[in-house]
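Worksheet: one structure, shown below.
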Amino acid sequence: MASLRSGSGRDDYELVHIETKQLTLVIKGKPYHEQYESLQQYRRLDFHETMEFFASGEEVRSVKLFDVDAGELVDWSGGHRPIFFENGVYQLLVVPKTDRVLSFYHESPALRNAISLVDIGGQAVLMGNLHFPNEVGLSTFEIRDGSRSILDVTIEVFPTKLTYKQDYQILLDEVSEEIYNLAFHFIKRTYQRARAKRDGAPSRSEFFRLMEAHIGDFLHAIRHIERQPHHQLSTVHVRVRGDQLGRLDAAGRNDLRKRPQVFRDVKRGIDIGSRTVMPRSGLKAKKELTYDTLENRFVKWMMTRLVEKLLDLFEHVQGKQKRYETEPDPDLLERIQSMIRALENRLRHSFWRPIGRLDRSVMSLVLQMAPGYRDAYQLFLIITRGLALQGKLYRMSVKDVATLYEYWTFLKLGQLLGKKYKLISQNVIQVNRLGLFVNLEKNRSAKRVYEHPYTGERITLTYQPYEGRLPTVPQMPDTVLAIEKKGKDYTFNYIFDAKYRLDFAVSGSSYEKRYGMPGPMEDDINTMHRYRDSLVARRGGPYERTAFGAYVLFPWHDEDSYQEHPLYKSINDVNIGGLPFLPNATRLVEQFIERLIEKNPEELQHEGILPQGIIEEWRSAFDEHVLVGMVPSARHYEVYRKHRFYHIPVKQLKKGWQDARYIALYPKRGAAPQNGVTCFGKIADVNIVKRSAIAELPKRSDEEYVRFEVEHWQPLKNVIRPVGYGIAVYAMTTLNMLKQAKELPELFMKSKDEIALWRLLRRLSDRIRFDLDARYLDQASKITAYRVKNLFIRLEDDRLMITNGTKHKTIPAELLRKQPSAVFREVVGMMGE
């Protein structure tokens with residue numbers, strides 16, 4: 127089957143083509159998503175994310191994947207751009223080359239049932255649609271001949287409304303940070319790779335995944351113990367004739383002292399006073415080999431404990447109190463039973479039967495160092511502790527992204543409030559034990575209550591409050607923010623509804639003609655009108671609205687250009703609209719909530735929500751400043767890391783250094799294993815000291831230094847490379863910029879136009895290069911040029927000059943502030959020329 131010709135964005139393409147001796151497998155669908163409008167526009171973008179793809183099986187002859195850049199099927203070699211996206215529908219076709227009847231297997235019953243056998247010309251062909259609604263990550267399926275797997279295929283599904291490797295991973299991390307065992311379905315259609323945590327208790331779903339991943343290694347360690355068990359010589363005492371006694375130990379001597387009647391007079395024996403005697407019998411010490419040691423008892427206890435947990439898991443899977451499956455999955459039950467049988471077989475082994483019960487705690491070097499024991503103990507700890515959703519060791523079912531986004535929104539709003547207001551009480555997470563998942567309780571409200579540090583006014587954030595006493599129908603919005611104001615006997619309520627949906631304003635669509643840029647769905651805005659109008663209360667008179675405003679929170683990253691969107695401006699007019707909200711785009715929401723809380727009640731009732739002219743003065747609590755300090759030598763780097771501090775001469779500090787809340791280290795070449803910004807830490811204390819007082823790096827000098835004490839150093843995920851630039855003394859940046867930067871010049875950006883242009887270009891490429899007007903960041907005054915793919919962009923004299931080879935275009939710089947979407951379109955147009 128040849129790939130379809132590229133061209134129309136409406137066509138389906140052949141995405142995967144696999145040939146084996148026994149079958150042909152084809153997957154067809156669109157290799158892009160709605161945001162990119164067409165394959166040609168997707169090709170033009172300069173993103174470098176690659177997807178994971180694996181195919182293995184019996185006698186695989188060829189594996190071809192659709193290459194976005196080439197527009198055709200090519201041999202699979204790794205490094206392919208994403209072609210599978212959430213909410214996409216992909217047609218699967220498996221044609222056997224023999225008369226054998228094949229079957230399709232996926233751990234999700236829903237996907238398993240979506241692929242079925244179809245008789246085509248007397249041949250049994252597997253056919254159906256793979257659909258991943260709001261679900262991302264890795265998904266593995268098998269083609270089986272009977273019970274034998276003959277082909278395994280793993281695809282990676284990418285989100286359409288988040289950047290997969292940045293926003294989505296941060297979203298997972300932040301949810302895990304706020305609440306460890308939040309909601310994960312037991313078996314979902316896709317899974318994320320995960321790594322073991324060092325502490326905490328896993329949910330049942332986590333335990334199952336870990337158990338399945340490690341049961342083989344654990345049993346291998348048990349068999350190694352059976353072959354080479356730990357043993358010890360135990361002393362036992364047996365009663366023997368007197369002539370068989372030799373040198374007695376303490377127990378033997380004590381026995382004779384207590385039983386003097388056993389002595390009799392003899393001619394040759396032991397002289398005691400005037401008598402010569404010998405005992406008729408006594409206790410003789412004897413050494414025996416035993417395997418009933420504390421270490422072996424502990425290993426037996428570990429196996430017994432795992433069996434108990436598996437039995438508990440089995441009972442819950444079989445249970446009738448299920449929300450999402452009407453009946454248990456027989457394949458899942460068999461997988462659990464097989465693990466139970468394997469462990470019980472070992473416990474019935476002749477070696478383990480005589481081993482006693484564990485009756486005390488065990489802290490032994492045998493468990494930590496002996497072969498078999500060490501492995502079994504480490505695996506037991508991994509299995510019985512939780513997972514962190516990162517790394518590449520385990521497969522883990524994750525809730526769909528829409529639900530995850532809803533949870534993250536509520537938790538993040540609470541985190542934003544916690545930055546400035548005192549937490550009084552909370553009952554955020556209700557653990558539901560009815561099913562095989564831990565969930566935010568939907569039948570009762572979860573709350574966080576805060577107090578204003580100066581006014582004492584209460585601020586309550588409620589997750590899914592149920593409003594049933596209404597004159598019409600009950601309502602249950604996602605999140606309600608209730609703000610008390612002194613002198614008022616009611617609260618000011620604001621609805622924030624998380625919607626993992628947005629309209630990409632595809633060219634020619636009615637949305638694009640009306641709004642001109644991506645934004646929230648119109649249906650969701652209508653829902654906000656319904657919420658605000660429906661939530662009413664009677665206070666001794668007619669019904670009154672209790673909700674002062676309702677806002678859609680949706681996944682979009684470009685906060686600057688969105689401020690020109692009519693559905694953002696509508697917040698000022700009618701208190702209804704949409705706000706972009708992502709891990710790296712929280713500024714507008716944070717600013718908005720702060721203004722709501724700080725305003726007096728009269729302003730909230732009579733004025734617009736966002737006061738004009740205050741945006742310039744507002745400072746985000748999350749936009750914390752970082753001092754990036756140069757480290758001159760390996761000795762300095764070692765001491766800074768070990769003793770958790772940094773120092774710098776007072777005379778070298780410039781205005782604004784006091785704003786720093788974090789310190790980052792930039793070791794010069796040779797001062798650390800890697801050249802570039804390597805780590806950062808939160809400042810715990812700041813002191814001005816004499817240089818001679820810094821004992822960790824002794825030097826005789828009375829010069830004044832600022833000493834920054836650091837709580838602890840955190841490594842950056844990626845070292846920020848110098849790429850020809852450096853730092854002479856220190857440079858200032860922000861925490862968000864530090865975490866996002868890949869190259870040193872990215873930390874420099876000072877002006878609002880430079881930052882706005884950088885954010886705009888980040889939508890087009892993850893490889894932006896900068897030219898500065900000086901080699902050192904702390905000596906530079908501006909960015910002279912941006913380089914993106916084939917573009918050379920300069921920002922000077924209130925003009926934005928874009929060059930692509932021999933083509934040039936000049937745009938007024940003020941468009942970056944007034945109409946950034948227009949600048950975006952111009953840049954995209956130049957990229958494609």
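For the sequence shown, the working numbering gives the first residue as 127, with consecutive numbering after it.
Quick reminder that beta carbons are idealized off the backbone N, C-alpha and C, glycines included.
Notebook entry, point to check: Mind checking Asp650: buried by the 16 CB within 10 Å criterion, or exposed?
Noted result: buried
Item checked: Per-residue DSSP class, three states only, for Ile735 -> Its pLDDT being 38, under 50, Ile735 is placed unreliably by the model, and the measurement read from it follows with that caveat. Reduced to three states, the DSSP call for Ile735 is coil.
Next item on the list: From the DSSP output, read off the bridge partner residues of Tyr216.
Entry: According to DSSP, which records beta bridges pairwise, Tyr216 is partnered with Leu256.
Checklist line | Coil, strand or helix - Arg951 by DSSP | finding: helix
Checklist line | Supposed close pair Gln444, Leu459 - CB separation, criterion 8 Å | finding: 7 Å
Item checked: Selection from Ile153, Thr146 and His340 that minimises the alpha carbon distance to Ser188 -> Thr146
Notebook entry, point to check: Could you give the distance in angstroms between the alpha-carbon of Glu742 and the alpha-carbon of Lys878?
Noted result: Here Glu742 scores only 36 on pLDDT, less than 50, and its place in the model is too uncertain to base an answer on.
Note to self: Once DSSP output is grouped into helix, strand and coil, what is the label at Asn565?
What the structure shows: Summary for Asn565: the model assigns pLDDT 40, below 50, so the residue's position carries little reliability; its value from the coordinates is reported in the next sentence. Asn565: coil per DSSP, three-state reduction.
Next item on the list: Could you tell me how far apart the beta carbons of Leu693 and Gly704 are, in whole angstroms, since I believe they sit closer than 8 Å?
Entry: 5 Å
Check: Quick one: is Tyr688 buried, meaning 16 or more other Cβ sit within 10 Å of its Cβ, or exposed?
Finding: buried
Item checked: Gln358 to Asn422 span [Cα, whole Å] -> 11 Å
Note to self: For the pair the segment 862-875 and the segment 814-832, tell me if three or more CB-CB distances fall below 8 Å.
What the structure shows: With the cut-off at 8 Å, the segment 862-875 and the segment 814-832 do not touch.
Checklist line | Euclidean distance between Cα positions of Asp391 and Thr361 | finding: 31 Å
Note to self: Less than 8 Å between the C-beta atoms of Leu297 and Leu484, yes or no?
What the structure shows: The answer is no: Cβ separation not under 8 Å.
Notebook entry, point to check: Where does the unbroken alpha helix (DSSP H) through Arg406 begin, and where does it stop?
Noted result: It is not in any alpha helix (DSSP H) - Arg406 carries neither H nor E in the DSSP assignment.
Margin query: I believe Leu921 touches Ile928 by the beta-carbon criterion, under 8 Å. Please report the beta-carbon distance rounded to the nearest angstrom.
Written below: Contact flag wrong, Cβ pair sits at about 10 Å.
Margin query: Is the separation between the beta-carbon of Leu237 and that of Leu256 shorter than 8 Å?
Written below: In contact: Leu237 and Leu256 (Cβ atoms closer than 8 Å).
Item checked: Per DSSP, the bridge partner or partners of Gly416 -> A small fix is needed here, since residue 416 is Thr in this sequence, not Gly. BP columns for Thr416 point to Gln358.
Notebook entry, point to check: How many Å lie between Ser234 and Arg761 at the Cα?
Noted result: 55 Å
Check: Leaving out the 5 sequence neighbours to the left and right, which residues in its chain are closer than 7 Å to Met465 when beta-carbon positions are compared?
Finding: Met337, Ile341 and Leu436
Next item on the list: State the Cα-Cα distance for the pair Arg479 and Leu473, rounded to the nearest angstrom.
Entry: If you draw a straight line from the Cα of Arg479 to the Cα of Leu473, it is about 7 Å long.
Notebook entry, point to check: So does Leu149 have its beta carbon nearer than 7 Å to some heavy atom of the ligand MG?
Noted result: In terms of ligand content, the structure shown is empty, and the ligand MG therefore cannot be addressed.
Checklist line | For Gly183, three-class secondary structure by DSSP | finding: strand
Item checked: Cα-Cα separation between Ala906 and Met756, rounded to whole angstroms -> 16 Å
Next item on the list: Pick helix, strand or coil for Tyr626, following the three-state DSSP scheme.
Entry: coil
Checklist line | Range of the contiguous beta strand (DSSP E) that encloses Gly540 | finding: Looking at the DSSP string, Gly540 is not in any beta strand (DSSP E); the run it does join, the alpha helix (DSSP H), is Val527 to Gly544.
Next item on the list: Taking 8 Å as the cut-off, decide whether the C-beta atoms of Gly155 and Val215 are in contact.
Entry: yes
Checklist line | When Thr224, Tyr912 and Ser265 are compared against Tyr231, the one with the closest alpha-carbon | finding: Ser265
Check: What is the DSSP secondary structure of Arg745, counted as helix, strand or coil?
Finding: In this prediction, Arg745 has a pLDDT of 44, which is less than 50 and means its spatial position is unreliable; what the coordinates show is noted afterwards. DSSP places Arg745 in coil when its eight states are reduced to three.
Next item on the list: Using three-state DSSP, classify Asp391 as helix, strand or coil.
Entry: strand
Checklist line | Reduced DSSP category for Leu779 - H, G, I as helix; E, B as strand; rest coil | finding: coil
Next item on the list: On a CA-only basis, which of Thr176, Met957, Leu252 and Ile241 is nearest Leu887? Give me that one, please.
Entry: Met957
Checklist line | Residue of Asp438, Ser476, Trp427 and Val527 minimising C-alpha distance to Ala502 | finding: Trp427
Checklist line | Spatial distance of His363 from Pro454 (CA atoms) | finding: 58 Å
Margin query: Please return the same chain residues whose Cβ sits closer than 8 Å to the Cβ of Ile348, not counting the five positions on each side in sequence.
Written below: Val425, Met429, Arg472, Gly498 and Ala502
Next item on the list: Starting from Glu716, follow the alpha helix (DSSP H) in both directions and report where the run begins and ends.
Entry: Going by DSSP, Glu716 is part of the alpha helix (DSSP H) stretching over Arg713 to Glu724.
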